[in-house]
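According to this note's numbering, the stretch in the sequence shown is residues 4 to 128, in order.
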Amino acid sequence: MNIDTNLLSDTVLEELKKYHPRVYRNRAPQNPIFPYIIYVLDNLVDSFPSEDYYIHIDVYDDGNKSVRAMENLADIIDNNINNKVLNIPGLNIHFKREGRQFVGSEDLGGKNLINLRYNTRVYFR
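Here's what the structure looks like:
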């Protein structure tokens, strides 16, 4: 079993783009259009025979707008990937939500954020 983080990342990107068109890995471009999503693959843990990744999915929106649209987007993502199992050539992925947190615009310089955190069990084949 060989770890292929880029294959996992590409798969997560493809999955998230089913729910929203503006999805970025690790950081957004300068002056992105709201709302947008950033995802980060974090904290790889060896739990043989799988590898466990924390995957953070951050939904951002303009802090001057109602949070309803971003809450709806976070709900759509979570309803579609929490406890989901993806089987594709080269890997098997199981998403399990570990947390959801709202961070208001006063802490983020004019942006609101919903952080979805998944403990994701990955079997590379």
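Think of the CB as a built atom: it goes at the ideal place given N, C-alpha and C, for glycine as much as any other residue.
- In terms of CA proximity to Asn118, Ala77 leads the group Ala77, Phe98, Arg124, Asn85.
- Only residues of its own chain outside the window of five on either side were considered, and among them none has a CB closer than 7 Å to the CB of Lys68.
- Separation of Lys20 and Ile96 (C-alpha to C-alpha, rounded to the nearest whole angstrom) is 17 Å.
- Beta-bridge annotation (DSSP): Ser12 is not paired with any residue.
- Spatial neighbours of Ser12 in its own chain (CB-CB distance under 7 Å, excluding positions within 5 residues in sequence) are listed in chain order as Arg28, Leu44.
- In summary, Asn83 is exposed, with fewer than 16 beta-carbon neighbours lying within 10 Å of its beta-carbon over all protein chains present.
- The three-state secondary structure of Ser108, taken from DSSP, is helix.
- The Cβ-Cβ distance between Ile79 and Tyr22 falls below 8 Å.
- Per the coordinates, the alpha-carbon of Leu116 lies some 21 Å from the alpha-carbon of Tyr56.
- If you look at Ile84, you'll find it isn't in any beta strand (DSSP E); it sits in the alpha helix (DSSP H) that goes 71-84.
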